[in-house]
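Visitor: Before anything else, here's the structure in question.
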């Protein structure tokens, strides 16, 4: 159910945990970014802190001003999940600087996306309870 | 807490960016005390063939060449273990003499063990 918070028992088991979601594919090539965002909402509803690391083409997911005519804007969906994460549980996002520079999207990332690098990902992997790569 | 990070790449080099992205991803792990390895499977095994030459023609027109993956691999071999799946090399007719020195051939059974032993497995 959309927007459902986990039960008290579920929250007890998952609250305070941290998941890192790495992605590498662009926003509209396949459905993976939608799954990524849905997964992040579900994790946050269970009290889990979410770290997005956008690598390679997925740095376009967090780019602002996306206006697809026939699809939902992945940029808007991504921005919403970040905004919802201002309080606990947090949702943070880092975009790889080498990737954003090469695609010309460093300065146009949506609010909440921090420009960083692979050293940040290494730290997130070390800190997180789980790290997965999806899309 | 330091983690064992097992990176598996399935996508072929040059047409796709995954192998090129996996190398710095593995190389930076030691900064957080993580221990990384890369295993190339399926079309990604082409990345370990020696004698790679890149370039689309006139450098003046193309600004700069794409760096050959062979160099990227050789420059990072001392930072992490680099494996390639033996059967996927065989399928593509790549012989031992054509493989970059320092690359370790591995079996699907050994890869399964690495997945079980790792804290994190990332598939690109």
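Residue numbers (this note's numbering), protein chains in the order written: chain A, 1 to 135; chain B, 1001 to 1124. For each residue, glycine too, the CB sits at the ideal point set by N, CA and C.
Going by C-alpha to C-alpha distance, which of B/1010, B/1018, B/1020, B/1028 sits closest to residue 1080 of chain B?
Guide: Ranking the options by Cα distance to residue 1080 of chain B, first place goes to B/1028.
Visitor: Determine the chain A residues that contact residue 1034 of chain B at a beta-carbon separation under 8 Å, and present them in chain order.
Guide: What residue 1034 of chain B touches in chain A: 122, 125, 126.
Visitor: DSSP beta-bridge partners for residue 116 of chain A?
Guide: For residue 116 of chain A, which the question treats as bridged, DSSP gives the partners A/96.
Visitor: Please return the same chain residues whose Cβ sits closer than 8 Å to the Cβ of residue 1094 of chain B, not counting the five positions on each side in sequence.
Guide: So the qualifying residues of the chain are 1045, 1046, 1048, 1049.
Visitor: Where does residue 1066 of chain B land, buried or exposed, given buried means 16+ other C-beta within 10 angstroms?
Guide: Result: exposed.
Visitor: Within the same chain, show all residues whose beta-carbon is closer than 6 Å to that of residue 130 of chain A, passing over the 5 residues directly before and after it, in chain order.
Guide: For residue 130 of chain A, where only same-chain residues beyond five positions count, the Cβ hits under 6 Å are 19.
Visitor: Please return the same chain residues whose Cβ sits closer than 6 Å to the Cβ of residue 94 of chain A, not counting the five positions on each side in sequence.
Guide: Taken in chain order, the residues that qualify are 53, 114, 116, 120.
Visitor: Look up residue 1013 of chain B in the DSSP assignment and say whether it is helix, strand or coil.
Guide: In the structure shown, residue 1013 of chain B sits in a strand (DSSP, three-state: E or B).
Visitor: If you draw a straight line from the alpha carbon of residue 123 of chain A to that of residue 1073 of chain B, how long is it in whole angstroms?
Guide: The alpha-carbon atoms of residue 123 of chain A and residue 1073 of chain B are separated by roughly 23 Å.
Visitor: Which residue from A/88, A/45, A/58, A/79 puts its Cα closest to that of residue 110 of chain A?
Guide: Nearest C-alpha to residue 110 of chain A: A/79.
Visitor: By the 9 Å beta-carbon criterion, what residues does the segment 1037 to 1067 of chain B contribute toward chain A?
Guide: Within the segment 1037 to 1067 of chain B, no residue qualifies.
Visitor: CA-CA distance, residue 91 of chain A and residue 15 of chain A?
Guide: Approximately 14 Å between the Cα atoms of the pair.
Visitor: Identify the continuous beta strand (DSSP E) that holds residue 35 of chain A and give its terminal residues.
Guide: Here residue 35 of chain A belongs to no beta strand (DSSP E); instead the alpha helix (DSSP H) covers 32 to 45.
Visitor: When DSSP labels each residue in this structure, what does residue 78 of chain A get in the three-state scheme?
Guide: Three-state DSSP puts residue 78 of chain A in a helix.
Visitor: Of the choices B/1117, B/1104, B/1118, whose alpha-carbon is the least far from that of residue 1078 of chain B?
Guide: Minimum Cα distance to residue 1078 of chain B is reached at B/1104.
Visitor: Output yes if chain A places a C-beta closer than 8 Å to the C-beta of residue 1019 of chain B; else output no.
Guide: For residue 1019 of chain B, the answer is no, since every Cβ of chain A falls outside 8 Å of its Cβ.
Visitor: Using a beta-carbon distance below 8 Å, is residue 118 of chain A in contact with chain B?
Guide: True, the Cβ-Cβ gap to chain B drops below 8 Å.
Visitor: Nearest CA to the CA of residue 1052 of chain B: which residue from B/1120, B/1123, B/1088, B/1071?
Guide: Looking at the Cα atoms, B/1071 is the closest of the given residues.
Visitor: Could you compute how far the alpha carbon of residue 1123 of chain B sits from the alpha carbon of residue 133 of chain A?
Guide: Those two C-alpha atoms are separated by around 7 Å.
Visitor: At a CB-CB cut-off below 8 Å, which residues of chain B make contact with residue 55 of chain A?
Guide: Near residue 55 of chain A (Cβ distances below 8 Å), the residues of chain B are 1021, 1025.
Visitor: How far does the alpha helix (DSSP H) with residue 1088 of chain B in it reach, from first residue to last?
Guide: 1086 to 1091 is the extent of the alpha helix (DSSP H) around residue 1088 of chain B.
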